[in-house]
Structures are given as structure tokens and as C-alpha cells.
Amino acid sequence: MDRRTFLRAGTLGLAAPALIAERSQAQTRSITVADPGGPFGEAFGKAFYRPFEQATGIRVVNVARPAEPTAQFRAMVETKSYTWDCCILTLSARDIMVKQNLLEPIGLKPEDAPGMMPEALTPFWMGTDVYATILAVRTDKLGGPAPESWADLWNVAKFPGRRSLRKDPIDTLEEALLADGVPLADLYPLDLDRAFRSLDKIKPHVAAWWTGGAQATQMLQSGEVAMIPTWNGRVQPVIDAGGPVKIVWNQGLYSIEGWSIPRGSPRADAARQFIRFCSEPARQAVYTEGLSYGPTNLKAYDTIPEARAKLLPTHPENLKLMRLANEEWWSANRAAAAERFNAWVLR
Amino acid sequence: MTRRLGPALYAVPGIAFLAVFFLYPVLRLLALSLQAEGTGEFTLGHYQHALGTEVYLRVLGITFTIAAETTLGALLLGYPLAHWLARLPEARRGWLVMLVMIPFWTSYLVKTFAWMITLDQNGVMNRMLLATGAVDTPLEVLHGRIGVMIGMVHAMLPLAVLTMLPVMVAVDRQLPRAAGTLGAPPGQVFWRVQFHLSLPGLAAAGLLVFITSLGFFITPALLGGPRDTMLAQLVISQVQEMMNWGLAGALAVMMLAAALVTCWVYDRLFGLSTVSGQASAKPRRGQAALRTAGLSILSAVAAAHVALGSAMARLVGRRVLGWLLPAYAALVLLFLGAPTLVVVPMGFTDSSFLGFPPPGYSLRWFEVYFGSPLWLGATLRSFIVAFGTACLATLLGGLAALALARSQSRWQGAIFALFLAPMIVPRIVVALALFYLFAQLGLVATEAGLVLGHAVLALPFTFVTMAAVLKGYDWRLDQAAATLGATRFRILTQVTVPLLKGGLVAAFLFAFITSFDDLTVALFVSGGVTTTLPKQMWDDMILQLNPTLAAVSVVVFVLVTALLVTAERLRKPKG
Numbered sequence: 000m001d002r003r004t005f006l007r008a009g010t011l012g013l014a015a016p017a018l019i020a021e022r023s024q025a026q027t028r029s030i031t032v033a034d035p036g037g038p039f040g041e042a043f044g045k046a047f048y049r050p051f052e053q054a055t056g057i058r059v060v061n062v063a064r065p066a067e068p069t070a071q072f073r074a075m076v077e078t079k080s081y082t083w084d085c086c087i088l089t090l091s092a093r094d095i096m097v098k099q100n101l102l103e104p105i106g107l108k109p110e111d112a113p114g115m116m117p118e119a120l121t122p123f124w125m126g127t128d129v130y131a132t133i134l135a136v137r138t139d140k141l142g143g144p145a146p147e148s149w150a151d152l153w154n155v156a157k158f159p160g161r162r163s164l165r166k167d168p169i170d171t172l173e174e175a176l177l178a179d180g181v182p183l184a185d186l187y188p189l190d191l192d193r194a195f196r197s198l199d200k201i202k203p204h205v206a207a208w209w210t211g212g213a214q215a216t217q218m219l220q221s222g223e224v225a226m227i228p229t230w231n232g233r234v235q236p237v238i239d240a241g242g243p244v245k246i247v248w249n250q251g252l253y254s255i256e257g258w259s260i261p262r263g264s265p266r267a268d269a270a271r272q273f274i275r276f277c278s279e280p281a282r283q284a285v286y287t288e289g290l291s292y293g294p295t296n297l298k299a300y301d302t303i304p305e306a307r308a309k310l311l312p313t314h315p316e317n318l319k320l321m322r323l324a325n326e327e328w329w330s331a332n333r334a335a336a337a338e339r340f341n342a343w344v345l346r
Numbered sequence: 000m001t002r003r004l005g006p007a008l009y010a011v012p013g014i015a016f017l018a019v020f021f022l023y024p025v026l027r028l029l030a031l032s033l034q035a036e037g038t039g040e041f042t043l044g045h046y047q048h049a050l051g052t053e054v055y056l057r058v059l060g061i062t063f064t065i066a067a068e069t070t071l072g073a074l075l076l077g078y079p080l081a082h083w084l085a086r087l088p089e090a091r092r093g094w095l096v097m098l099v100m101i102p103f104w105t106s107y108l109v110k111t112f113a114w115m116i117t118l119d120q121n122g123v124m125n126r127m128l129l130a131t132g133a134v135d136t137p138l139e140v141l142h143g144r145i146g147v148m149i150g151m152v153h154a155m156l157p158l159a160v161l162t163m164l165p166v167m168v169a170v171d172r173q174l175p176r177a178a179g180t181l182g183a184p185p186g187q188v189f190w191r192v193q194f195h196l197s198l199p200g201l202a203a204a205g206l207l208v209f210i211t212s213l214g215f216f217i218t219p220a221l222l223g224g225p226r227d228t229m230l231a232q233l234v235i236s237q238v239q240e241m242m243n244w245g246l247a248g249a250l251a252v253m254m255l256a257a258a259l260v261t262c263w264v265y266d267r268l269f270g271l272s273t274v275s276g277q278a279s280a281k282p283r284r285g286q287a288a289l290r291t292a293g294l295s296i297l298s299a300v301a302a303a304h305v306a307l308g309s310a311m312a313r314l315v316g317r318r319v320l321g322w323l324l325p326a327y328a329a330l331v332l333l334f335l336g337a338p339t340l341v342v343v344p345m346g347f348t349d350s351s352f353l354g355f356p357p358p359g360y361s362l363r364w365f366e367v368y369f370g371s372p373l374w375l376g377a378t379l380r381s382f383i384v385a386f387g388t389a390c391l392a393t394l395l396g397g398l399a400a401l402a403l404a405r406s407q408s409r410w411q412g413a414i415f416a417l418f419l420a421p422m423i424v425p426r427i428v429v430a431l432a433l434f435y436l437f438a439q440l441g442l443v444a445t446e447a448g449l450v451l452g453h454a455v456l457a458l459p460f461t462f463v464t465m466a467a468v469l470k471g472y473d474w475r476l477d478q479a480a481a482t483l484g485a486t487r488f489r490i491l492t493q494v495t496v497p498l499l500k501g502g503l504v505a506a507f508l509f510a511f512i513t514s515f516d517d518l519t520v521a522l523f524v525s526g527g528v529t530t531t532l533p534k535q536m537w538d539d540m541i542l543q544l545n546p547t548l549a550a551v552s553v554v555v556f557v558l559v560t561a562l563l564v565t566a567e568r569l570r571k572p573k574g
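Chains as they are written, first to last, in numbering that gives the first Met the number 0: chain A, 0 to 346; chain B, 0 to 574.
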């Protein structure tokens, strides 16, 4: 019994209760996985894809998925044309798809992945990386002291400088409530009336509303704005290139992306094997060399150099300042909140 | 019987194509707007919600306003340029038209970012204005309607100019001369002969620009302010983020209905027939009156022009006046080329960010590009798919336009609407609908699927462009050939097609560029497996604006220029 057969037998044992596609599993020679593309493809390739190929002999073809691949996923499952066997989903996409019964169980239990953050493992999804919405500050463009909280971002008198907010209710409503004095722990359920009253105060002082991450990075990098809430992964490249930019982790909101399998995929067993592989702390530590996202398996920090570790959202020092954005609340209220926000921003 | 039906048969391939690859899949998807989520029961709930929520109607209003403003801007800038180009000798015109097309060869993503970089607070424009002391504080051009207009008018100008140009060129050059000989001053000649005869081109350009603009969303999102939200953006968010396809379908139908009403109003005012080529077929009641009114407006404008012209001539001299048009045209050409002038140096930057001017120069981003099989593969695939799309769409659209120009069917309005429809239905709806169809046909992640999908998007452009050119076509030439014993095929290949060359080239280019610049259909149909250039650029922008985008733009620009220059050289007999 060589190593490859052994590993395969192991996977089959793991999926034994399901035992869906034993025969196709035996023939699976390659799987197609959809990641966010760009630097992700490179970093995940080094951390997950190439080592998985070496360990199992199953080739991993990676393609770039769009930001919210929900429509593609549904179409794939409904037409049984599985272009992807495995795909990185955000929490919101995951919850929509669980509700519509479009996902395959990943068959990974907490005891199979020691060190994993509890919120990063569910029956249909395993988180691979944590990203955070934080306040990014361009220190050379400030007209006064550097802001340290959302309340400071709202305080235009004490903290002069051009500001940008995201033209989306997600994160922006939370920021408005935190700025208005709601404690981080008591954020949800969001008090919409209070949030919009708070937004009314900042609206005249918003120089630009951003819609896409690349746009936010560009505005920060060129100095178009001095303060902007955005994702930490978008800010890090500017800092790495020597830009005078600071991240305020205080009152940040983090979220998780991770792998799911489209329901009915003929290569689901190989995909499950792959996902389990991605839970290993040593593998997760590797991608942090190229991406400033936080590993979901906190044991990964055992091998990440401290200089890099403190730039990542799940570093204990950063994590304790933030909280997980409540996806349950958003799943239930997103449509209504978005309509109200869109109407508000047009006024 | 077949003789009578003869020309109408030309429309059959296009209609069949649209029925299979557009009508059937899209209607199937839009039917979801009449079904309750989950149960599938019939409901009008999505429509009640869309119409009963103020924000959707407001955004629809904003969408139409932005499209109308863009159309006005593109025609005001484009018409004089096209008019000037049309009167140049053919050889020089060929080269200058290439300048008009320059914006085509830079992806709209890159162009939009180039505008952001040029116009922001620390951009070149503001730095120059501050340095010269023209302003004290940087101008706020971005994050508002002005920014949207700059980006959108720039994107639509080539389409406007290239649609008008073939019509203007086809105007018999002897007519203005004859008018002159009969004593008409230049102002009269322009308004009552040249402008009047160029109206089909103007109408076609206006319609194409307006309807294309309705579907924009990335440019307004990046260059506009909080109030510049387009409906396409809300449809996409309903499809992808909320997974509420019923409401997305209802919004798409709302937009379709509003666009069709616009087309109907336009038809009443100007006659769609000005575009499709049947102006004089059956004047409706009231149309004669309208036409008379139009003509008297034209003569009033002409008289005013003559009066103003002679006053101006006395004031500044005829020589200066003669330079007015070329100077205007040159400025418009400069505007067209501006983003490219910014993008090219950025491709050679040594920084890891896009910025202008670059802090230093290097070839590192070209090394990244040429060292990446992903980028090279995407480039090659984009060219192949765009070429296939252009061939297919020009053939189908050209034949359909021919059918419409040569037959007098009562179905003309319906056929016209059908061929325009792919432009009005939001692209994400077309893309999603095609995914379902292609999954059944096994065409997902194939080049053939991309060609078919892009041909659906490109058909309206080839159809309208060809229809506008055919409007001015002298059918007596075909009759003459037939009298001399030529077969129908021979007439088509040896008389009609050579005479319509200008329109065919424009149609081909529009189809090519529609495919070359498409992101939405590629996102669905390619499944990420068969990557095209815009898809690859989109993926590359995940974390930051990588200068590879600019390097790729330079490569594409050089490639296309080389191809066009070669084509231009080959086109002319060596002398």
C-alpha cells in the first residue's frame, strides 16, 4: 500500500457516511478550484495547490472567481455542469447558498482540525483566511492628529482631512453606530434609525464614495483621501511599497472566506480531501508570506515570523480589538438595509 | 412569391440566431420575475416591489438622465469631428480615423483608472493648474457628474463618430458643390444639404450611444459621486449579492420597457425609419407636418448661421474662421487620445503602483506580462474570439439590415426592436441566461460559447451601422447590374458590398471591440477557465492596481496599430 493509496483510503473513510461517488473518486486525477485570483492564486499555489499535488497526485487547476460567485454556483448546480469543484466563498455567499441548498457537506469535524477558529468551520464550509475592515490613514495628508477610532473619523473638527466611505451598507452602517458610541460588543442587531442619523452627520464631509477595492487602494495610494475604511489586505501593498499609511485595528470588523463544494460535484471527495489539507496550520502559514490575511488555524502563528504576524488580522493583538461581523443579521436584513441605504445616499 | 419575399429572407439567419441565443434564454430567465421565490407560483410581487420602492424609479431616472447627457455630449463633440473627417481626402482620412479609434484599444477598466489618476486632487491636471496659478485649490472634477461625463463621453465618442462618418462620406460630393454653384452661401449649403443628408447617421449614432450608455455602471461608479448610481449596478447586486433573481428580472424588464418607450417616442419624433432606411415609404399622418416643421427649422438655423458667419468673418477674418473646424477637431482628437498618453508611460513604470508621471522607468511589468502564460493565453484568446465575433455579427447584422432596407414588411418595427434588444437588456441578464443555455449545450468554458455570446451583444451595433449606411445607398446601381444580367449573388459581392465598404468596416470594428472589451459574459461563459483579456485584468485588480494592466494596454495598442497600419497599406493599390 503506497502513500497515495493510503491517503485516498483515508479520505474515503472520512466520507464514509456519505459514500457518494466512490467510483468517480477513484478516477479523479484533477480538481478545479476557484480562488479570488491575482495574488491569491500565487500565494495559495505555494501554500496549498502544489503541496497537495505532491501529497496526493491529484492535480489542482486554479481559476479566478468573481467577487460574489453566487449566480455561477447556482447555475452550475442547477445545470449539473461543474466547472469548479471547490470555491472560496464569503460568509454572505455561503449563507445564501446554504439556504438554497446548493452546497455539499465538507465532512470536516472540529477534532479533525485542531487549532481552527470555531467560527471558521461549519458543515458546508471551511474558512481559510480572515480579512478585516479597518480604518486606513494616510499620515502625510492629515490636517491634525491621527484618528484612532470611528468616532474620530466622524469628528471633522478635530481631525481635518479628506474622507471616503464605502457606498454600501455593509460595514458602513456598523462604522456609523460605533462612531455614535455603540460599544463593539453590543453592535448587533444594528439600530438602523440610529445608524442613518449618524450617517447624516458625516455625509456632507465625505469627499468620495468608493465602490470597489481597487478604487479604495488607488485613492489611498495617490493621496486623494486621508482617511478611508477599507480591507486590510488592500492597504498592505501600499504600506509594503513604502507608502505613509497606517492601519487602525481598533473597532475593526473581521470576516472570513473559505472553501465550499457545489452540491452534487462528481469530484466532491477529492475536493473534501483538498479542503482538509487546507486546514493544516503549516500550510496556512505559507500563504501569509504573500497575502496579509489571517490564518484561520491559529496554530499557524507558531511558524509565522513575528514581524509579519503582527500585520495579520488574526494576530492576538489585532484580533482582540475587533469583532466578527454578524452574518446572521446581514443575511436576514441585507435586502432591506441596502434599499434604505441606496435611497439615503441618493438624497 | 419567393421573388417578393426575396430580400426579406436575408433577415432570417439573424432572427433565428437571436431566437435561439437571446430570446429563448433571456425570456426564460425573465420569467422568474413573475414567480415567487421558492414556490414558483405566479406573482406580481416583484414588480409591485420594484415600482413601489422609490429608490428604483429614482435610479431609473438617473440612468436615463446620464445616458441622455452622454448622448448629447458625444454628438456635440463628435459631429464636427466627423464632418471635418468626411471632407478630407480618403488617404488622410484613413490615418486620422485610426486616431479616433485609439480609445477602443484600451480596456474601459484601464481608461477609467487613467481618468482617475489624471483628474484627482494630486493628478497631472490639478498639478498643472496649481503650478500655473490658474487655481488656488485643486479642482474637484471627480466624484460628481462632470467626472461621469468625461469618462462616458470619452468612451462613447468613437462609436458616435464612426457611426456618422460612413453616412457623411456617402453624401454625394457633387450636391454641396451644386448648391454652391446655385449661389447658396456655405452656411446654407451645410445646414440644408450636408447636415440634412447626414441626419440618418446622426440619428443612428444618437440611438446607439444612448442605449449603450444605459448599461454603463463601472465608469459612473469610479468617476461619479453618491448620486450617480445606474440601474445596471442594482440589477447586478440583486443577481450576485442578494440572489433575488425575481427582483433583478423585474428591474431588467422595467429598464427594457423604459428603453422601448424611448425608442417609440424617438420613432414618433424622428422616425426609426431614419435609421432603418424607409423614410419615404409610407409617411404617417402628421409626419409630413413634422417634416415641414423640421425643414423650416433647418432653414432658420441656416439663415442664422449665414448671418453670424458673415459677422464673424468681418470681425476676425475669413482665414481664422476657416481654422475653427480643424482646431475643434484637433482638440477632440486630443481628448480622445489623452488616457492613452497617460497609460503608455505608466506601462514602463518601475513602481508597483499606477501613477502618472511614473517615478522611474523600467521594463519589469512587460517582463511580468511576457513571462506569464496566463496573460499571453488570454491575449491570444481575446483576439481570436473578437475576430470570430466580428465575422459572425457583421454577416448576420449586415444581412438583416439589407432585408430591412429592401423589403416593406409590416414587421419592420418588430424586427428593428428585436435586433436592438440585446443592447437594452442588462448584460448580466444576458450572461446568466446564456450560462444556462450553454450548460445544456456543453458550450460553457469554450471559445465557441464566447463567440456566440459576444455575437449576441454585437449584433445591435452591426445592424444599426449597416442600416444607416444602406439608407443612403443608391439601389439603382443594383438594378443596373441586374439589367446587365448579373445574378443576385454577383450583385451582392461585386456591387453592393464594395460600395458599402465603409459601413462594413465600421460594423466589423464595433463587433470586434464589443467582444474585446466584454467582461460580463466572459465572467459567466468562461467559468474562469477560458480567460479573456478583460477577465484577466479584472482578476489582477483584486488587491491593487497593478501596472501590468498598463503594460498589457501598451502591448495591445502596439499590436492593433500594427494590424491596422498593415490593413491600411494593403487596402490601397500600390502606386
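For every residue, glycine included, the Cβ atom is placed at its ideal position computed from N, Cα and C.
Since residue i and residue j are thought to touch, with beta carbons under 8 angstroms apart, how far apart are those beta carbons, to the nearest angstrom?
| i | j | result |
| --- | --- | --- |
| A:Ile133 | A:Asn61 | Between A:Asn61 and A:Ile133 the Cβ distance is about 28 angstroms, and since that is not below 8 angstroms, they are no contact. |
| A:Glu103 | A:Arg262 | 5 angstroms |
| B:Phe20 | B:Val319 | B:Phe20 to B:Val319, Cβ: 55 angstroms. No contact. |
| A:Ala150 | A:Ala178 | 5 angstroms |
| A:Gln250 | B:Phe112 | So it is not a contact: roughly 31 angstroms between Cβ atoms. |
| B:Val147 | B:Gly214 | Actually they are not in contact, since the Cβ atoms of B:Val147 and B:Gly214 sit about 14 angstroms apart, beyond 8 angstroms. |
Evaluate residue i with the Cβ neighbour count: other Cβ atoms within 10 Å of its Cβ, from every protein chain shown; 16 or more gives buried, anything less gives exposed.
| i | result |
| --- | --- |
| A:Arg64 | buried |
| B:Met167 | buried |
| B:Ser279 | Reliability fails at B:Ser279, whose pLDDT of 42 lies under 50, so the model's placement of it is uncertain and the value that follows must be treated cautiously. Its Cβ having fewer than 16 others within 10 Å, B:Ser279 is exposed. |
| B:Asp473 | exposed |
| B:Leu323 | exposed |
| A:Ser278 | buried |
| A:Trp329 | buried |
| A:Ala174 | For clarity, residue 174 of chain A is Glu in the given sequence; the question names Ala instead. The residue in question, A:Glu174, is buried, as its Cβ has 16 or more Cβ neighbours within 10 Å. |
| A:Leu18 | Unreliable positioning characterises A:Leu18 in this predicted model, as indicated by a pLDDT of 38, which lies under 50. The coordinate reading is nonetheless provided below. A:Leu18 is exposed by the Cβ-count criterion. |
| B:Ala292 | exposed |
| B:Ile296 | exposed |
| B:Gly370 | exposed |
Would DSSP call residue i helix, strand or coil?
| i | result |
| --- | --- |
| A:Ser29 | strand |
| B:Phe352 | coil |
| B:Leu136 | One detail in the question is off: residue 136 of chain B reads as Thr in this sequence, not Leu. B:Thr136 falls in the coil class under three-state DSSP. |
| B:Trp104 | helix |
| A:Gly37 | coil |
| B:Met241 | coil |
| A:Arg262 | coil |
| B:Met540 | coil |
| B:Phe189 | helix |
Residue i CB to nearest chain E CB: under 8 angstroms?
| i | result |
| --- | --- |
| B:Phe434 | No chain E appears in this structure, whose protein chains are A and B. |
Whose C-alpha, out of the options, is nearest the C-alpha of residue i?
| i | options | result |
| --- | --- | --- |
| B:Ala549 | B:Thr393, B:Gly346 and B:Leu451 | B:Gly346 |
| B:Glu240 | A:Asp268, A:Ala336, A:Pro50 and A:Phe276 | A:Ala336 |
| A:Leu318 | A:Val136, A:Trp248 and A:Phe340 | A:Trp248 |
| A:Val136 | A:Leu252, A:Thr229 and A:Phe51 | A:Thr229 |
| B:Gly526 | B:Val54, B:Ala220 and B:Thr445 | B:Thr445 |
| B:Trp374 | B:Thr529, B:Leu289, B:Ala249 and B:Arg144 | B:Thr529 |
| A:Ser254 | A:Lys79, A:Asp34, A:Gly212 and A:Gly293 | A:Gly293 |
Could you tell me whether the stretch 503-514 of chain B touches the stretch 460-469 of chain B, using the rule of 3 or more Cβ pairs below 8 angstroms? Three or more beta-carbon pairs separated by less than 8 angstroms link the stretch 503-514 of chain B to the stretch 460-469 of chain B, which places the two stretches in contact.
Taking three-plus beta-carbon pairs below 8 angstroms as touching, is the stretch 202-214 of chain B in contact with the stretch 156-167 of chain B? With the cut-off at 8 angstroms, the stretch 202-214 of chain B and the stretch 156-167 of chain B touch.
Taking contact to mean at least 3 C-beta pairs separated by less than 8 angstroms, is the stretch 72-88 of chain B in contact with the stretch 292-307 of chain B? These segments do not touch.
Do the stretch 124-140 of chain A and the stretch 252-260 of chain A make contact, defined as three or more Cβ pairs closer than 8 angstroms? Verdict: yes, contact present.
Cβ pair count under 8 angstroms reaching 3, the stretch 474-482 of chain B against the stretch 25-41 of chain B: Touching, no.
On the three-pair Cβ rule with 8 angstroms, is the stretch 400-412 of chain B touching the stretch 236-253 of chain B? The stretch 236-253 of chain B and the stretch 400-412 of chain B do not touch, with fewer than three beta-carbon pairs separated by less than 8 angstroms.
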